[in-house]
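For reference, the structure is listed below as C-alpha cells.
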Amino acid sequence: MDIQNLLNTPLVRVKLITFVHFVVIVFALLGHWLAPAYVFYNLLFIASLFWTIHAKESIDAAHTAVFINAASIFFDIISIAFDFPSHGGIFSVIFAIVNLVLRPFSLIMLSRELSDRGGSIMATNSSLFTGGASNNEHSPYEDIDRPNNATSPG
270 MDIQNLLNTP LVRVKLITFV HFVVIVFALL GHWLAPAYVF YNLLFIASLF
320 WTIHAKESID AAHTAVFINA ASIFFDIISI AFDFPSHGGI FSVIFAIVNL
370 VLRPFSLIML SRELSDRGGS IMATNSSLFT GGASNNEHSP YEDIDRPNNA
420 TSPG
C-alpha cells in the first residue's frame with residue numbers, strides 16, 4: 270500500500286498523529302524543566318485525539334483537536350522560551366522542539382480529517398450555537414418557545 274493512500278485513510282491519519290505526538294511528548298517530559306502547563310495542554314491534546322479516534326463521525330471531536338493543536342503551537346513557543354534549561358536536559362529540549370516542529374504538519378492532517386468529516390475550520394457564530402445549522406437549515410435543536418408554522422394546527 271502506498272504511503273499517500275495510507276495517509277488518506279480516514280482514521281490512520283489521526284492514529285499516526287496520536288502515536289507520534291504521544292512518543293515525542295513522553296520524551297520531552299523526561300526532563301524536569303518544563304512547566305506543569307506543558308503537561309496539561311498536551312494531555313488535553315492527546316485526549317482530544319483519542320476522542321477523535323473514538324467518535325468516527327464527530328465534527329466536534331476533530332474541531333476540538335484542531336483548536337487545541339493550533340493553540341498548543343503558541344503554548345509550546347512560550348513554554349520552551351521561558352523554561353529553557355540553563356544546564357542539562359538537552360534530550361528533552363530536543364524532543365520539545367521536535368514536538369513544536371511537528372505541530373503544523375499535524376494541524377494540516379487534522380484539518381484534512383475535519384474537512385473529510387464535513388466540518389470547516391472557519392466557524393461562524395451561527396454554527397457555534399446551533400450545531401452548524403443556519404436559520405434556513407434544519408437544526409437538531411427544537412425551540413419550543415417559538416411556534417413552528419408547519420406543525421401548527423389550522
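Residue numbering for the sequence shown follows the numbering used here, starting at 270 and increasing by one per position. Cβ coordinates follow ideal geometry from the N, Cα and C atoms, glycine included. Model, not experiment: these values are computed from the prediction.
Worksheet item: What separation, rounded to the nearest whole angstrom, lies between the Cα atoms of I363 and R415?
Response: 57 Å
Item to complete: Since I believe T287 is in contact with L318 (beta carbons under 8 Å), could you give me their beta-carbon distance rounded to a whole number of angstroms?
Response: 4 Å
Worksheet entry | Limits of the alpha helix (DSSP H) - the one that T321 falls within | 305-323
Fill in: Secondary structure of H353, DSSP reduced to three states
It is worth fixing the name first, because residue 353 is Phe in this sequence and not His. F353: coil per DSSP, three-state reduction.
Item to complete: For I347, count neighbouring Cβ atoms within 10 angstroms of its own Cβ and tell me buried if that reaches 16, exposed if not.
Response: exposed
Worksheet item: Since D385 is in the alpha helix (DSSP H), which residue starts that stretch and which ends it?
Response: 359-385
Worksheet item: For chain B, is any of its Cβ atoms less than 8 Å away from the one on A340?
Response: Absent from the structure: chain B. Only one protein chain is present.
Discussion item. Under 8 Å, with one C-beta from each stretch per pair, do the region 323-335 and the region 344-360 reach the 3-pair mark?
Written reply: no
Fill in: 6 Å CB neighbourhood of A330 in its chain, flanking five on each side removed
W320, T321, A324
Fill in: Residue interval of the alpha helix (DSSP H) (run including F272)
Looking at the sequence provided, one finds Ile at residue 272 rather than Phe. Segment 272-276, the alpha helix (DSSP H) holding I272.
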